[in-house]
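Protein chains in written order, with the numbering used here: chain X, 1 to 296; chain U, 297 to 657.
Note sheet for the following structure.
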Amino acid sequence: MYRRLLIAVPYLWLLLLFLVPFGIVLKISLSDLALARPPYLPQIDVSKGWEGFANFLSGLDFENYVWLTGDDLYWKAYLSSLRIAAISTVLTLLVGYPLAYGMARAPREWQPTLVMLVILPFWTSFLIRVYAWIGILSTEGYLNQFLMSVGIIDIPLKILNTNTAVYIGIVYTYLPFMVLPIYAALERLDGSLLEAAEDLGSSRAGAFWLITWPLSRPGVVAGCFLVFIPVIGEFVIPSLLGGSGTLMIGKVLWEEFFSNRDWPVASAVAIVLLLILVIPIVLFQRNEDRAREAER
Amino acid sequence: MKLHLMGMTATLALVTGIAVADEVRVYNWSDYIDEALLEKFESETGLKLIYDVFDSNELLETKMLAGGSGYDVVVPSGTFLQRQITAGAFQPLDMSKLSNMENMWDVIAARTAQYDPGNAYSINYMWGTTGIGVNVGKVTEILGADAPLSSMDLILNPEHASKLAECGIHVLDAPSEIIPMVLQYLGEDPDSHDPDVIAKAEPILTAARPYISKFHSSEYINALANGEICVAVGWSGDVLQARDRAAEAENGVDIAYNAFAQGSLMWFDQMAIPEDAPNPEGAHLFLNFIMDAQNMADASNYVYYANGNLASQPLLEEDVIGDTAIYPDAATLENLYTTTPYPARVQRVVTRLWTKVKSGT
């Protein structure tokens, strides 16, 4: 009995914080826009009992999903978000892997400090850290001032309000999510395997590709998913650092909700986004299962 | 995110049952009042004033339509107010509690009545125009001494805009103000709700797009003042704040605001009481306090926007009441137009056109 209760806690958590909100959003996505409070129809009429519920059900339809197929804005925004997420994931990996590698190879007594340094930025508000990048990247920002004073450039670089700034912001923000799982995988790596490889005549690069890389792969995969999935729906970084040309689904969602005040279509966009995200999440889960089985 | 947090604290306060009757919660635009007035209200009434700010009508509207915002007084602009009244978001004012109503200016009240019939739900706080701010020195240097400083041509005519692009052009990120402006430029009805007429704005905006460095609704204040940009389509008081900041910095930048020669949009920010306000009694006290001639004059003297309060006019400073950029002369006033809210279907067309112009998609 006690055990069941313990298991029920996470399920209850999932039910309350995922399934119930999902159900509400799904319901709104099937409704129609209305000038009322809240701004959609139909509402459940509790006073009429079952009849009210039946009336409510008959008022729902898939109109809003059909609408999404009629305008190329939506699929272009989904695609553009996927592209930005993919490129940022690769960039984060390129920066994060050497960092994690260096941490794992550092002397034991340094390692807790290094891990601390990676986590430390989380102690400051995410929003403030993104704002700080505005100060660094703007035309009169610190970066341009520095480059001009050193004499590398004559005219200031235009970085803020471009996709470059968005990539910089994303790589910076999501770096710990990439570094920590890779570090965890590399840290467990048995050093004697590398010694054995060298004893048997493998070059250092060869030993890296034959031993270190395959053994760190679970960490790399975990890190990539931890970056890729949230970046697809990212809204804050592109709206603060990106230009008006940066097209991402998070921004489209904002406009449906706030500019068009069309909650039903906004909800439909969100549901489709969730479906798009489910595919990589399922892949991730499968990879985890396979890794666990391989370990056995 | 900040706004979200504010909403949460408001809700928390309500849930935990802090003595609501002793508090008045006001939600106004950012940089839009002399803060000394807030303290004055508290000391006069003994009520605690909680004053939060926002920077977009859309955000406010979403809170109003969702309900349960926890605010007692909010400040939507005219067109947004009208739609929210229709949706049932506000409660009618109790005129018996608003003795200062007699201070209000009938000229403005007649115009706000088109959004709020009989002014039954709202009072005017400030009003202004959407026009053009220019860096006079740079623009005349580029286009010559006879440059049309108050003309939409500076932004919408590629011949001029292309020359000014290098120096920088900012435009408000507000489709419901910029599209009427383009229609006015074309000689169409700026308040048209006909999708075919609205579509005529697209080629003009697309042609001007390469020369516009940014669509943003507040950055232009600093950008103009620092001399980073030459031209901005902006709100009257904001451009005048930029002019003052440049003058204070003594950086040689001379900013001028003009309503468009072709005619400018006139807008009204209205104070109203949400239908589910926790403390409507306190809200009425706040509205009456704001309508006091001296208080309203203090507010206008501070933010450089005109108000709808006739009795406050003798108390206004000369650089406010005497400035035709703030209180337009009769000829300019004649040339101003107003707009009405777009129905949902048309709003969608407008938002879509705007996204297309901005992002090319």
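The C-beta atom is built at its ideal place from N, Cα and C for all residues, glycine as well.
Determine, using beta carbons only, whether residue i comes closer than 9 angstroms to chain U.
i, result
"X:Ser88", "no"
"X:Ala197", "no"
"X:Leu253", "no"
"X:Leu137", "no"
"X:Glu293", "no"
"X:Ala300", "Here chain X has residues from 1 to 296 only, and residue 300 of chain X is not among them."
"X:Arg261", "yes"
"X:Thr246", "yes"
"X:Asp154", "no"
"X:Leu17", "no"
"X:Val243", "Residue identity differs from the one stated: residue 243 of chain X is Gly in this sequence, not Val. Closer than 9 angstroms: yes."
"X:Asp71", "yes"
"X:Asn287", "no"
"X:Glu63", "no"
"X:Leu234", "Reading the sequence as shown, one finds Glu at residue 234 of chain X and not Leu. Not an interface residue."
"X:Glu140", "yes"
"X:Leu275", "no"
"X:Pro14", "At residue 14 of chain X the sequence reads Leu, which differs from the Pro that was named. Not one chain U Cβ lies under 9 angstroms of X:Leu14."
"X:Leu33", "yes"
DSSP on residue i, reduced to helix/strand/coil?
i, result
"U:Arg321", "strand"
"U:Trp423", "strand"
"U:His300", "Per-residue confidence for U:His300 stands at a pLDDT of 45, beneath the threshold of 50, marking its modelled position as unreliable; the derived number appears in the next sentence. Of the three classes helix, strand and coil, the one that applies to U:His300 here is helix, per DSSP."
"U:Ile314", "For U:Ile314, the predicted structure reports a pLDDT of 47, less than 50, and the residue's modelled location is therefore unreliable. A value from the coordinates is still provided. Reduced to three states, the DSSP call for U:Ile314 is coil."
"U:Leu612", "coil"
"X:Leu297", "Outside the displayed span of chain X (1 to 296) sits residue 297 of chain X, for which this structure offers no information."
"X:Lys158", "coil"
"U:Val549", "coil"
"U:Trp563", "strand"
"U:Leu445", "coil"
"U:Ala568", "strand"
"X:Leu33", "strand"
"U:Ile373", "The sequence shown places Ser at residue 373 of chain U, rather than the Ile named in the question. In the structure shown, U:Ser373 sits in a strand (DSSP, three-state: E or B)."
"U:Trp384", "Checking the sequence shown, residue 384 of chain U turns out to be Gly, not Trp. In this structure, U:Gly384 counts as coil in the three-state DSSP scheme."
"X:Phe235", "coil"
"X:Met248", "coil"
"U:Thr305", "Its pLDDT being 44, under 50, U:Thr305 is placed unreliably by the model, and nothing is read from it."
"U:Tyr633", "strand"
"X:Gly169", "helix"
"U:Met360", "helix"
"U:Asn575", "coil"
"X:Gly151", "coil"
"X:Gly96", "helix"
Since residue i sits in a beta bridge, which residues does DSSP pair it with?
i, result
"U:Thr436", "Answer is none; U:Thr436 lacks a bridge partner."
"X:Asp289", "According to DSSP, X:Asp289 bridges with nothing at all."
"U:His466", "U:Lys510 and U:Ala528"
"U:Asn603", "U:Met422"
"U:Lys344", "U:Glu319"
"X:Gly135", "In the DSSP output, where bridge partners are listed per residue, X:Gly135 has none listed."
"X:Tyr74", "Answer by DSSP bridge pairing: none, since X:Tyr74 is not bridged."
"X:Val269", "According to DSSP, X:Val269 bridges with nothing at all."
"U:Ile428", "U:Val529 and U:Asn554"
For a cutoff of 9 angstroms on Cβ pairs, would you count residue i as touching chain X?
i, result
"U:Lys355", "Looking at the sequence itself, residue 355 of chain U is Leu, so the reference to Lys does not match. Interface residue, yes."
"U:Ser418", "no"
"U:Ala627", "no"
"U:Gly303", "Unreliable positioning characterises U:Gly303 in this predicted model, as indicated by a pLDDT of 45, which lies under 50. The coordinate reading is nonetheless provided below. It does not: the Cβ of U:Gly303 has no partner Cβ on chain X nearer than 9 angstroms."
"U:Asp412", "no"
"U:Pro574", "no"
"U:Asp492", "no"
"U:Lys654", "yes"
"U:Thr307", "Its pLDDT being 47, under 50, U:Thr307 is placed unreliably in this model, and the value from its coordinates should be taken loosely. So no, U:Thr307 is outside the interface."
"U:Arg648", "yes"
"U:Lys434", "no"
Strictly below 7 angstroms CB to CB, what residues from chain B border residue i?
i, result
"X:Phe258", "Checking the listed chains, one finds no chain B in this structure; the protein chains it contains are X and U."
Short-range partners of chain X found in the stretch 532-555 of chain U, where Cβ spacing is below 9 angstroms: none
Between the stretch 14-29 of chain X and the stretch 345-357 of chain U, are three or more C-beta pairs nearer than 8 angstroms? no
Using a beta-carbon distance cut-off of less than 7 angstroms, what residues from the stretch 35-61 of chain X approach chain U? Leu35, Ala36, Arg37, Pro38 and Pro39
Residues from the stretch 116-131 of chain X in contact with chain U, defined by Cβ distance under 7 angstroms: Leu127
Given a limit of 7 angstroms on CB to CB distance, which residues of the stretch 347-378 of chain U reach chain X? Taken in chain order, the members of the stretch 347-378 of chain U whose beta-carbon sits within less than 7 angstroms of a beta-carbon on chain X are Glu354, Leu355, Glu357, Thr358, Leu361, Ala362 and Gly363.
Inter-stretch contact (C-beta, 8 angstroms, three-pair minimum) for the stretch 606-616 of chain U and the stretch 221-230 of chain X: With the cut-off at 8 angstroms, the stretch 606-616 of chain U and the stretch 221-230 of chain X do not touch.
Are at least three pairs of beta-carbons, each pair with one atom in the stretch 213-221 of chain X and one in the stretch 237-244 of chain X, less than 8 angstroms apart? Contact between the stretch 213-221 of chain X and the stretch 237-244 of chain X is not established, with fewer than three Cβ pairs separated by less than 8 angstroms.
Would the stretch 1-18 of chain X and the stretch 45-53 of chain X be scored as touching if the rule is three or more Cβ pairs under 8 angstroms? no
Would you be able to state if there are at least three C-beta pairs under 8 angstroms between the stretch 619-631 of chain U and the stretch 543-558 of chain U? yes
For the stretch 523-534 of chain U against the stretch 419-437 of chain U, do three or more pairs of beta-carbon atoms, one drawn from each stretch, fall closer than 8 angstroms, so that the two count as touching? yes
By the 8 angstroms beta-carbon criterion, what residues does the stretch 149-181 of chain X contribute toward chain U? Within the stretch 149-181 of chain X, the qualifying residues are Asn161.
For the stretch 376-397 of chain U, which residues have a CB atom closer than 8 angstroms to at least one CB atom of chain X, in sequence order? Arg379, Thr382, Ala383, Gly384 and Ala385
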